[in-house]
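Chemist:
Numbering (the working numbering), first residue to last: 655 to 1102.
1. Which residues bound the beta strand (DSSP E) around residue 993?
2. Is there contact between the segment 823 to 833 and the segment 967 to 978, where contact requires at least three CB pairs shorter than 8 Å?
3. Within this structure, are the beta carbons of residue 805 and residue 1030 separated by less than 7 Å?
4. DSSP on residue 808, reduced to helix/strand/coil?
5. For the beta strand (DSSP E) containing residue 823, list its first residue and its last residue.
6. Start and end of the alpha helix (DSSP H) containing residue 1067?
7. With a Cβ-Cβ cutoff of 7 Å, do residue 1008 and residue 1020 count as a contact?
8. The alpha helix (DSSP H) spanning residue 887 covers which residue range?
9. According to DSSP, simplified to helix, strand and coil, what is residue 895?
10. Output the distance between the C-alpha atoms of residue 863 and residue 905, rounded to the nearest integer angstrom.
11. Using C-beta distances below 6 Å, list every residue in its chain close to residue 1090, excluding the 5 sequence neighbours before and after it, in chain order.
12. If we call anything under 7 Å between Cβ atoms a contact, is residue 873 one with residue 928?
13. On the three-state DSSP scale, how would you describe residue 914?
14. Can you give the Cα-Cα distance for residue 807 and residue 898, rounded to whole angstroms?
15. Determine the burial state of residue 717: buried for a count of at least 16 other Cβ atoms within 10 Å of its Cβ, exposed for fewer.
16. State yes or no: is the C-beta of residue 814 within less than 7 Å of the C-beta of residue 758?
17. Using CA atoms only, rank isn't needed, just tell me which of 1056, 1027 and 1080 is closest to residue 1042.
18. Beta carbon of residue 861: closer than 6 Å to some heavy atom of the ligand MG?
19. What did DSSP end up calling residue 801 once you bin it into helix, strand or coil?
20. Tell me where the beta strand (DSSP E) around residue 970 begins and ends.
21. Would DSSP call residue 1085 helix, strand or coil?
22. By the DSSP assignment, the alpha helix (DSSP H) with residue 729 in it spans what residues?
23. Per the DSSP calculation, residue 1018 is bridged to which residue(s)?
24. Confirm, please, whether the CB-CB distance from residue 913 to residue 1085 is below 7 Å.
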């Protein structure tokens, strides 16, 4: 769609939630079995009752109501552990955070919660969770084989989340636009599709010359901001934080170089000024066929918008972010479980036994991973999507996972500083001054 004006008014942005399930397919009944090798949790001898809070993340069959599949897991677990009764409570996206916070403060929290690290680790740091250190055996750590992913499950050196699956965030391009513009010659479609910043820049010039709208560097708010950070950081090897996650560092020489380059592209019209858009609205532009590429992409966005893109003649191609050395570092979603400290040791042990069944059981573990629409954290589970070319590609993306900084102190404050800084950069302001100010405020915010 050439020279099409960017829409100023869009439908409501896609809801961004740590709970959001990635678009996927119904599990196959012949999902591969596995022998993970972790020592099973010690199930309590006496009868115990626990409660599981489950947001609608697991994929249901057909029109089954939320919680239907989860109940089948419970039934199978209780058949194996008849002395542990599990009560399921489904929670929705709109009030999950408030419900959990109110329950914690009121002393009525469930025993088990399925969520992502952002909230879970915060609960752990605040003393609301049971340590899961004993579940991270040498065999399990070796099986995961990803220190960055494992660190996402920790707060102050303690494991508070037991992971089951993960899914990368990446970018997408409009195949027809890039082909018509002659920009596809700069795209690598082999292997893991890694490509370079130089090739991306050449593609931008081709797209502009052909009259196609670029993707936007969205920054009206924090929605989907992980996409813009991944894009900027990969351009020249910058990073949001230092290696031990004690400081925010996106004002490094590499970070300033990348932001300066992005500002240059915006001035040329090769990159869209996204001051009026957040991540959800940016996705809407791409799905509508208005823009030629999108930084805020993932399995959920692809699945939720498949029908609309087909109707609009948009065929997306998934790509890692371009990088100076052709080795992208991707951000990602991690799905996992935590156990609230309700002052009952027997319940805590029962909860850990239940979690380990969901994640590690040789029959149910792989099926449950597929139901999250993501990829197993255990390498021993192998390829769970053997007949899905797109999933096979994205499985390669999982090897590009970078450091996980979402559990750092002051993360929420840093996100605000980030998009405010991007507004200055996209508006033509002084890059070095803006990013230094943002980093200074972000690090100050780590103190609380």
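In this text, a Cβ means the ideal position worked out from N, Cα and C, and glycines have one as well.
Modeler: Answer, in terms of the structure:
1. Start and end: 986 to 993.
2. The answer is yes - the segment 967 to 978 touches the segment 823 to 833, with three or more Cβ pairs under 8 Å.
3. The answer is no: Cβ separation not under 7 Å.
4. In the structure shown, residue 808 sits in a strand (DSSP, three-state: E or B).
5. From DSSP, the beta strand (DSSP E) with residue 823 extends over 816 to 828.
6. Taken as a continuous stretch (DSSP letters only), the alpha helix (DSSP H) holding residue 1067 covers 1065 to 1080.
7. No, they are not a contact pair.
8. Per DSSP, the unbroken alpha helix (DSSP H) holding residue 887 starts and ends at 879 to 890.
9. In this structure, residue 895 counts as strand in the three-state DSSP scheme.
10. Taking the straight line joining both Cα atoms gives about 32 Å.
11. Once the five neighbours on either side are set aside, the close Cβ partners of residue 1090 are 905.
12. Yes.
13. Residue 914: helix per DSSP, three-state reduction.
14. Each residue's Cα considered, the two are about 14 Å apart.
15. That one is exposed.
16. In this structure, residue 758 does not lie closer than 7 Å to residue 814 by Cβ.
17. Of the residues 1056, 1027 and 1080, the one whose Cα lies closest to the Cα of residue 1042 is 1027.
18. With respect to the ligand MG, the structure shown offers nothing to examine, as it has no ligands at all.
19. The answer is helix: DSSP assigns residue 801 an H, G or I state.
20. Looking at the DSSP string, the run of the beta strand (DSSP E) that includes residue 970 is 970 to 973.
21. DSSP places residue 1085 in helix when its eight states are reduced to three.
22. Start and end: 722 to 734.
23. For residue 1018, which the question treats as bridged, DSSP gives no partner whatsoever.
24. Contact: yes.
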